[in-house]
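Residue numbers (this note's numbering): 149 to 466. Beta carbons are placed, not taken as given, at the ideal position from N, Cα and C, and that holds for glycine. Computed from a prediction, not measured in an experiment: that's the story for all the values here. Only one structure is covered here, and it is reproduced in the block below.
Shown next, in the form of structure tokens:
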């Protein structure tokens with residue numbers, strides 16, 4: 149009698165294993181091609197995204213394409229000592245598509261000569277002076293900023309604020325003033341492409357054209373810093389600087405045909421973001437997907453933030 153039960157048990161076990169395998173396979177496929185989750189770690193996208201936000205990333209955008217103004221998730225282009233899949237994920241706003249010309253003038257973004265309206269959550273550095281009656285912790289909780297922005301005992305704070313936030317704080321009786329801080333002047337070598345030929349800074353940058361696959365770049369000693377990383381790191385060639393010329397494979401390099409598309413990204417927290425102003429173009433094959441929505445948000449203590457459930461993330465200009 150006991151032997152008669154074994155085939156049934158083995159049959160049920162096989163069915164369970166098949167079901168588990170199928171479920172795992174579906175989860176892997178969903179992760180690879182449909183949706184994955186990323187937790188925001190930094191303030192570079194404040195106030196659009198907050199540290200602790202759990203973001204749903206639309207993977208299918210890699211195949212259907214991205215649009216200017218999308219919030220994108222991508223592999224860190226600077227960590228090129230690691231394999232692509234081993235690099236950390238970053239979240240920024242895509243402001244320049246392949247072929248676009250990007251420029252910052254006094255902090256205002258221009259693409260192809262047209263000024264782009266700021267995203268609703270775009271923030272800039274402000275100097276906030278508190279009265280003695282102010283409660284810095286209550287202010288921090290209201291703004292949902294990390295503790296690092298609120299040193300103990302300080303009555304003057306440097307905070308990233310959106311226009312709406314700055315206007316709201318100016319109405320408070322416990323705050324003396326809220327003033328935008330002056331743009332940084334920058335110095336040669338401070339920003340991409342780290343060359344004295346390009347005196348760019350956070351608020352005055354470009355114009356710079358984002359390379360597209362098939363573009364022919366005119367190369368000379370003066371502009372080579374713009375494309376050195378693209379050619380040597382992202383497209384795996386070995387150009388050298390030979391006195392008054394650039395050499396590739398033993399021949400003078402005067403024109404270079406781009407092998408893939410690139411994009412230009414910025415953080416919404418313009419003064420608290422390392423982005424394309426610091427490391428230049430992002431290869432299209434580094435993009436993982438589009439940030440579509442915030443599922444939930446956690447504060448620094450691990451508690452859930454109110455109002456951060458199923459928050460949709462539109463593109464800039466929507």
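Any idea what DSSP makes of residue i, helix, strand or coil?
i           : result
residue 199 : coil
residue 373 : helix
residue 378 : helix
residue 358 : coil
residue 414 : strand
residue 271 : strand
residue 161 : helix
residue 389 : strand
residue 401 : coil
residue 461 : coil
Give the straight-line distance between the Cα atoms of residue i and residue j, rounded to the nearest whole angstrom.
i           : j           : result
residue 427 : residue 341 : 7 Å
residue 329 : residue 288 : 19 Å
residue 193 : residue 293 : 12 Å
residue 336 : residue 357 : Only weak support exists for where residue 336 lies, its pLDDT of 49 falling under 50; the value from the coordinates is given anyway. Their backbone Cα atoms lie some 20 Å apart in a straight line.
residue 190 : residue 268 : 19 Å
residue 452 : residue 384 : 45 Å
residue 278 : residue 254 : 27 Å
residue 393 : residue 308 : 44 Å
residue 547 : residue 430 : What the structure shows of the chain is the stretch from 149 to 466, and residue 547 is not part of that stretch, so it cannot be assessed.
residue 397 : residue 387 : 7 Å
residue 391 : residue 236 : 37 Å
residue 264 : residue 315 : 21 Å
residue 389 : residue 367 : 12 Å
residue 442 : residue 184 : 12 Å
residue 301 : residue 436 : 42 Å
residue 218 : residue 200 : 20 Å
Measuring only between beta-carbons, confirm whether residue i sits less than 7 Å from chain B.
i           : result
residue 300 : As a matter of chain content, chain B is missing from the structure shown, which is built from one protein chain.
Mind checking who residue i pairs with in its DSSP beta bridge?
i           : result
residue 206 : 183, 438
residue 253 : 256
residue 452 : 446
residue 395 : 388, 400
residue 188 : The partner list for residue 188 (beta bridge, DSSP) is empty, contrary to what the question assumes.
residue 263 : 258
residue 430 : 411
residue 214 : Looking at the DSSP assignment, residue 214 forms no beta bridge with any residue, so it has no partner.
Counting along the chain, where does the alpha helix (DSSP H) carrying residue i start and finish?
i           : result
residue 425 : 424-427
Could you pull the start and end residues of the beta strand (DSSP E) that residue i belongs to?
i           : result
residue 367 : Residue 367 -> no beta strand (DSSP E), and no H or E assigned at all.
residue 238 : 237-244
residue 219 : 219-223
So within the region 277-346, which uninterrupted beta strand (DSSP E) runs reach at least 3 residues, ignoring any that extend past its ends? Counting whole runs of 3 or more residues, the region 277-346 contains the beta strand (DSSP E) stretches 304-310, 323-328.
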